[in-house]
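Asker:
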Amino acid sequence: MRIVDCFTDVILFTRKFVRGELDIHAAEDVRREIINLFERSQTLTESQGMSEEYYLQAKFPVVALVDELLQCSSWEDKSVWQLNPLQRQFFDTTSAGAEFYDRLNVLNKFGPDRDIREVYALCLGLGFKGKFFRGEDRKAYEEVKAFNLSLLLPDEAQRNIDSATLFPFAYKGHEDSDDHSFKTRLNIYPIIVGIPIIVIVSLMIFYQLSISAMLDQIQSLLNY
636 MRIVDCFTDV ILFTRKFVRG ELDIHAAEDV RREIINLFER SQTLTESQGM SEEYYLQAKF
696 PVVALVDELL QCSSWEDKSV WQLNPLQRQF FDTTSAGAEF YDRLNVLNKF GPDRDIREVY
756 ALCLGLGFKG KFFRGEDRKA YEEVKAFNLS LLLPDEAQRN IDSATLFPFA YKGHEDSDDH
816 SFKTRLNIYP IIVGIPIIVI VSLMIFYQLS ISAMLDQIQS LLNY
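Numbered as in the numbering used here, the sequence shown ends at 859 without a single skipped number.
(1) Alpha carbon to alpha carbon, how far is Ile830 from Val779?
(2) Taking DSSP as the reference, what is the three-state secondary structure of Phe763?
(3) Going by CA-CA distance only, name the one from Val701, Pro696 and Val665 that's closest to Asp750.
(4) Please identify the residue among Gly770, Asn740, Gly762 and Thr649 whose C-alpha is closest to the C-alpha of Gln692.
(5) Given Leu897, which residues of its chain have a CB within under 8 Å of its CB, disregarding the five upstream and five downstream residues?
(6) Can you tell which of Thr643, Asn743, Arg666 and Asp658 has its C-alpha closest to the C-alpha of Gln677?
(7) When the Cα of Gln724 is compared with those of Ile659, Arg666 and Gly746, which residue comes out closest?
(8) Just to confirm, is the Cβ distance from Leu704 to Glu753 under 8 Å?
(9) From Ile638 to Glu687, what distance separates their C-alpha atoms?
(10) When the Cα atoms are used, what is the spatial distance from Asp712 to Ile659?
(11) Would you mind giving the Cβ-Cβ distance between Gly732 and Gly765, rounded to the nearest angstrom? I have them listed as a contact below 8 Å.
(12) Beta carbon of Asp702, beta carbon of Leu721: below 8 Å?
(13) Distance, Cα to Cα, Arg675 vs Glu663?
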């Protein structure tokens, strides 16, 4: 089990709630259910021998996503939620929209950070925007998504990306090495290997739709 798997229930519940598919309305009832799901996610990580620090690093982007989904929904109680969002309760901040990218930018390319990066990739694939919420931010937002995905690609594809220098503004990778290879649940990386890097941004559309379809399928199986 990877760390990203531990947050599936939280994300599925929130997505279903904002679609109006759950018979729950009051802010405190929603909060109680989401906190319970986060507690279950932590129990899962502990059962896998993952440290609390590692869990919290991966939890932050999910908390940011949940807050954004709720605050951008048509939920009648979202104004109550905005007074005390999860990011304030869990991380004592109201700037998760910017901190999301700050935290992402300092992740190592290799090692445990690679799996945490997958959580960020999932949140971005599901439409998290944070500070890039304006229409004029779209290009920068898509570039961040594509660059983050590129760091999860196998080494061969990464060499193609590095030589293309499509994102010269992006943060520098670390020099560490690790034999651990990333195994994507969507299995789209073999498709990307060898393709001119100019199409990466276009592939992000496929990436987003694939993640959404995957979660919808899991949702039907869990029978919330």
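Ideal placement from N, C-alpha and C gives every residue a C-beta, glycine not left out.
Answerer: On the basis of the data shown:
(1) No answer about Ile830 holds up, because its pLDDT of 44 lies below 50 and its placement is not dependable.
(2) coil
(3) Pro696
(4) Comparing Cα positions, the closest option is Asn740.
(5) With the chain running from 636 to 859 in the structure shown, residue 897 is simply not present.
(6) Thr643
(7) Arg666
(8) Going by C-beta atoms, Leu704 is not nearer than 8 Å to Glu753.
(9) 12 Å
(10) Distance between the alpha carbons of Asp712 and Ile659: 11 Å.
(11) 3 Å
(12) Yes, they are a contact pair.
(13) 18 Å
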